[in-house]
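Just so it is clear: in the sequence shown, position 137 is 573 by this note's numbering, and no numbers are missing.
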Amino acid sequence: MPDQILYLYGGDRPWASDTWVTSDDRVRGGASQSYLTVETPQHARFHGHLDTTALGGAGFASQHSLGTLSLNLKDYEGIIVSIRGPDEADGKKYALTLKNEILPPRGDGREQSTVSWEAEFVAKKPGDVKLRWADFKPTYRGREKKDAGELDLGDIKRVGLMMRSFFGEQEGDFELHLFSISAFKHVPYETDSVDGDEKLHLKGPYGGSEESVGKEKWWKSLLCGLV
């Protein structure tokens with residue numbers, strides 16, 4: 437079955453650098469640095485350098501959505517991270533992060549820590565990486581938090597991209613080329629609940645979404661009439 441998707445970034449919601457904020461370990465005395473560079477409206481590059489020397493083996497570099505979102509993803513099954521080609525990806529481990537809670541800044545202006553829901557993935561090659569809700573684990577400052585409760589899919593306040601050391605596993609330069617970040621759910625090719633003229637975004641190769649259920653029904657009917 438194809439996927440019906442809701443673009444969060446990329447696709448029909450073009451990438452824009454001013455909708456992302458840097459959050460690196462420099463706020464804790466580290467030396468890592470990340471960037472979200474928009475090459476085109478359909479191409480973003482999450483890149484930088486992960487340093488693990490300043491914090492004794494730890495370290496993180498991240499970008500997250502600006503302000504406070506109000507995403508209701510209850511009807512979806514997870515997130516797709518679409519990695520761009522044609523070159524091979526860098527093979528490093530990344531995390532997509534979600535937050536339900538954003539607290540006011542501290543007195544010194546620094547952000548207060550809250551639980552993040554992280555789904556890890558390795559960028560091996562161009563294509564779609566599917567992260568189901570069960571893949572997202574609650575963490576607090578990089579460590580699993582087992583008493584965090586459940587992720588509220590009806591109130592996602594932040595989306596982020598994270599590169600971290602995973603406590604000494606990796607370091608150095610990183611670069612992840614992205615087509616899009618989107619929510620997905622499975623839909624059948626044919627369904628009585630979809631009108632023939634109604635178009636659904638259906639996931640194609642490397643994040644494409646040009647087909648529709650209405651179009652699918654049209655050419656199948658034509659073929660049946662010719663046979």
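Glycine included, C-beta positions come from ideal geometry on N, C-alpha and C.
- Bounds of the beta strand (DSSP E) holding Q440 are D439 to G446.
- Per DSSP, reduced to three states, the secondary structure at D588 is coil, with no helix or strand assignment.
- Between G514 and L567, the CB-CB gap stays under 7 Å.
- Going by beta carbons, E611 and D526 fall inside the 7 Å limit.
- For Q469, the enclosing beta strand (DSSP E) has its first and last residue at Q469 to T476.
- DSSP places F557 in the uninterrupted beta strand (DSSP E) bounded by S552 to V558.
- Within the DSSP secondary-structure output, I538 pairs in no beta bridge.
- Judged by pairs of C-beta atoms under 8 Å, the stretch 458–473 touches the stretch 484–504, as three or more such pairs exist.
- Judged by beta-carbon spacing, L587 lies within the 7 Å limit of W553, meaning their Cβ atoms are closer than that value.
- The C-alpha of P541 lies about 42 Å from the C-alpha of V623.
- Going by DSSP, E611 is part of the beta strand (DSSP E) stretching over G608 to H622.
- Bounds of any beta strand (DSSP E) do not take in S549, whose DSSP letter is neither H nor E.
- Two segments are said to touch when three or more pairs of C-beta atoms, one from each, lie closer than 8 Å; by this definition the stretch 484–491 does not touch the stretch 577–593.
- Residue I519 holds the alpha-carbon nearest to the alpha-carbon of F557 among L505, I519, G446 and W451.
- Between T458 and the set Q478, W451, L472 and G446, the nearest pair of CA atoms involves L472.
- Each of K529, D544 and G563 was checked against the Cα of G521, and the nearest Cα belongs to G563.
- For the pair R600 and D511, the Cα-to-Cα distance works out to about 30 Å.
- If only uninterrupted alpha helix (DSSP H) runs of at least 4 residues are considered, none is enclosed by the stretch 450–534.
- DSSP places D571 within a helical segment (H, G or I) once states are collapsed to three.
- Here R577 carries a coil assignment [DSSP, helix/strand/coil].
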